[in-house]
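First the structure, in the form of structure tokens, and then the observations on it.
So, in structure tokens, the structure goes:
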């Protein structure tokens, strides 16, 4: 899943790890576009697509991730 602004991918979410039962999210948003909710939007879209396949979407983060 991705958000594109002015023909530039500014936020993306994909499966970092994947099994037949579950998938783990990997998300990245360009620094100048952070704080706009794009990360939340791409992770939500990714999670819905995983659930539609009857799999479990997993999300984890580092202790120093202070995203709002």
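In the working numbering, the protein residues as written are 3 to 70. Just so it is clear, CB atoms sit at the ideal spot from N, CA and C, and this is done for glycine as well.
Would you mind sorting residue i into buried or exposed? The rule is 16 or more other CB atoms within 10 Å of its CB.
| i | result |
| --- | --- |
| residue 4 | exposed |
| residue 64 | exposed |
Would you mind reading off the limits of the beta strand (DSSP E) that contains residue i?
| i | result |
| --- | --- |
| residue 51 | Looking at the DSSP string, residue 51 is not in any beta strand (DSSP E); the run it does join, the alpha helix (DSSP H), is 40 to 54. |
| residue 64 | Neither: residue 64 is in no beta strand (DSSP E) and is coded neither H nor E. |
| residue 4 | 4 to 7 |
Bridge partners for residue i per DSSP, in chain order?
| i | result |
| --- | --- |
| residue 2 | Residue numbering for the chain in the displayed model covers 3 to 70; residue 2 lies beyond these limits and cannot be assessed. |
| residue 18 | Answer is none; residue 18 lacks a bridge partner. |
Going by Cα to Cα distance, which pick from the options is closest to residue i?
| i | options | result |
| --- | --- | --- |
| residue 8 | 35, 20, 50 and 16 | 35 |
| residue 26 | 39, 58 and 46 | 58 |
| residue 13 | 23, 19 and 28 | 28 |
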